[in-house]
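K.L.:
Numbering (our numbering), first residue to last: 151 to 407.
Here a beta-carbon is modelled for each residue, glycine too, at the ideal position from N, C-alpha and C.
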Amino acid sequence: MAFDLKSINRKTVQAGLAAFALALSSTVAVAADKLQYFTWSGYELPDFNKSFLAAHPDGVEASMFGDDDDAFTKVKAGFRPDVAHPCYDKVARWNKEGLLQPIDTKRIKNWDSIFPVFKNLPDLQAGDGKVWMVPWDWGNTSILYRTDLVKNPEPSWNLLWDKQYAGRMATIDAVHDTPVVAALLAGVNPFDMTPEQMEKVAEKLREQRPLLSNYTTDMTSVEQALASGQLVAAMTWNASATSLKKQGVPVEFMKPR
151 MAFDLKSINR KTVQAGLAAF ALALSSTVAV AADKLQYFTW SGYELPDFNK SFLAAHPDGV
211 EASMFGDDDD AFTKVKAGFR PDVAHPCYDK VARWNKEGLL QPIDTKRIKN WDSIFPVFKN
271 LPDLQAGDGK VWMVPWDWGN TSILYRTDLV KNPEPSWNLL WDKQYAGRMA TIDAVHDTPV
331 VAALLAGVNP FDMTPEQMEK VAEKLREQRP LLSNYTTDMT SVEQALASGQ LVAAMTWNAS
391 ATSLKKQGVP VEFMKPR
């Protein structure tokens with residue numbers, strides 16, 4: 151699917167941008183000649199790093215984290231990878247704790263090929279031609295549901311507020327996901343809210359809370375729960391839909407109105 155660079159806006163970015171960021175201090179390396187990479191499960195695969203591995207065979211030592219909070223806690227406690235892969239909305243938090251060092255964009259071969267809206271995100275610029283992270287991947291966030299357990303649902307975010315599925319739904323623990331959806335359902339512009347409108351969104355979230363099994367960014371556990379039938383619907387990233395369909399689990403990735 152092709153994308154027109156001019157058509158990508160801030161709202162599109164909120165669909166699920168992730169980032170590379172360099173940790174500040176010296177690394178805790180298994181071997182001095184290996185780059186320590188801290189990332190989500192699946193992103194350590196060699197296919198993502200072909201050019202680097204061609205020049206440095208066996209040059210990457212990967213460690214995985216389950217969610218953004220897990221990653222932040224481990225690095226704050228002293229683990230020092232060379233490169234980490236938190237989601238964009240967590241970069242300011244990492245930076246506030248002094249965990250990052252700026253990246254010189256002159257050393258990023260394809261920097262000029264990155265969509266301008268990604269390069270100009272808030273909290274990205276470090277000054278002097280440097281940035282706090284390099285945007286690398288992004289995707290879609292929606293509702294993934296079991297088609298055999300949720301029959302012909304309306305294509306709406308309201309599914310995650312449906313009381314008949316109480317305790318069998320989950321949503322993403324991120325400010326750029328669940329609160330944005332709550333704002334849309336409350337009839338509020340999620341990117342330009344007054345204090346009164348924020349309270350409307352908060353009330354919508356409070357309405358949803360008792361219906362949820364949990365909030366999480368651990369998509370592996372969500373996929374397992376959907377596969378087992380413990381969950382019937384969850385806010386996920388599009389990769390989860392692909393993964394479960396490959397396993398033969400009857401799921402559909404909704405296009406909510």
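In the structure shown, what three-state DSSP assignment does Glu304 receive?
P.N.:
Looking at Glu304 - three-state DSSP - the assignment turns out to be coil, as it is neither helix nor strand.
K.L.:
Determine the burial state of Asp368: buried for a count of at least 16 other Cβ atoms within 10 Å of its Cβ, exposed for fewer.
P.N.:
Buried, since its Cβ has 16 or more Cβ neighbours within 10 Å.
K.L.:
Is the beta carbon of Pro236 less than 7 Å from the beta carbon of Ala212?
P.N.:
Cβ distance not < 7 Å, so Pro236 and Ala212 don't count as in contact.
K.L.:
Measure the Cβ-Cβ separation of Leu376 and Ala316 and say whether it is below 7 Å.
P.N.:
Contact: no.
K.L.:
Checking 7 Å against the spacing of the C-beta atoms, do Val210 and Leu185 come in under that value?
P.N.:
Yes; because the gap between Cβ atoms is below 7 Å, this pair is in contact.
K.L.:
With C-beta atoms as the reference, is Val417 less than 7 Å away from Arg296?
P.N.:
The chain is shown from 151 up to 407; residue 417 falls before or after that span and cannot be answered.
K.L.:
Can you tell me where the beta strand (DSSP E) with Phe215 in it begins and where it stops?
P.N.:
Run containing Phe215: 210–215, per the beta strand (DSSP E) assignment.
K.L.:
Would you mind reading off the limits of the beta strand (DSSP E) that contains Gln275?
P.N.:
Per DSSP, Gln275 belongs to the beta strand (DSSP E) from 275–277.
K.L.:
Roughly how many whole angstroms lie between the Cα atoms of Glu346 and Glu353?
P.N.:
Roughly 11 Å between the two C-alpha positions.
K.L.:
Alpha carbon to alpha carbon, what distance is there between Gly289 and Val399?
P.N.:
The straight-line gap from Cα to Cα measures roughly 21 Å.
K.L.:
Consult DSSP for Gln412 and reduce its assignment to one of helix, strand or coil.
P.N.:
Absent from the model: residue 412. The displayed extent of the chain is 151 to 407, so no value can be given.
K.L.:
Which term fits Glu373, buried or exposed, when burial requires 16 or more other beta carbons within 10 angstroms of its beta carbon?
P.N.:
By the 10 Å Cβ count, Glu373 comes out buried.
K.L.:
Over the uninterrupted beta strand (DSSP E) stretch that includes Asp287, give me the two end residues.
P.N.:
Its beta strand (DSSP E) spans residues 284–288.
K.L.:
Expressed to the nearest angstrom, what Euclidean distance is found between the alpha-carbon atoms of Phe202 and Pro252?
P.N.:
Rounded to whole angstroms, Phe202 to Pro252 spans 20 Å at the Cα level.
K.L.:
Can at least three beta-carbon pairs, one atom from the stretch 332–340 and one from the stretch 381–401, be found at a separation below 8 Å?
P.N.:
No contact exists between the stretch 332–340 and the stretch 381–401.
K.L.:
Compute the Euclidean distance between the alpha carbons of Met343 and Lys246, then round it to the nearest angstrom.
P.N.:
So the two alpha carbons sit approximately 25 Å from each other.
K.L.:
What residue range is occupied by the uninterrupted beta strand (DSSP E) comprising Ala384?
P.N.:
Taken as a continuous stretch (DSSP letters only), the beta strand (DSSP E) holding Ala384 covers 383–387.
K.L.:
What is the DSSP secondary structure of Thr367, counted as helix, strand or coil?
P.N.:
If DSSP states are grouped into helix, strand and coil, Thr367 belongs with coil.
K.L.:
Pull up the distance between the alpha-carbon of Glu194 and that of Tyr187, whole angstroms please.
P.N.:
Using only the alpha carbons, I get a separation of about 8 Å.
K.L.:
Quick one: using the 10 Å Cβ neighbour count with 16 as the cut-off for buried, is Lys240 buried or exposed?
P.N.:
Buried: at least 16 other Cβ atoms inside 10 Å.
K.L.:
Can you name the residues that DSSP bridges to Arg296?
P.N.:
In the DSSP output, where bridge partners are listed per residue, Arg296 has Val401.
K.L.:
Under a three-way DSSP split, which group does Ala320 fall into?
P.N.:
If DSSP states are grouped into helix, strand and coil, Ala320 belongs with the strands.
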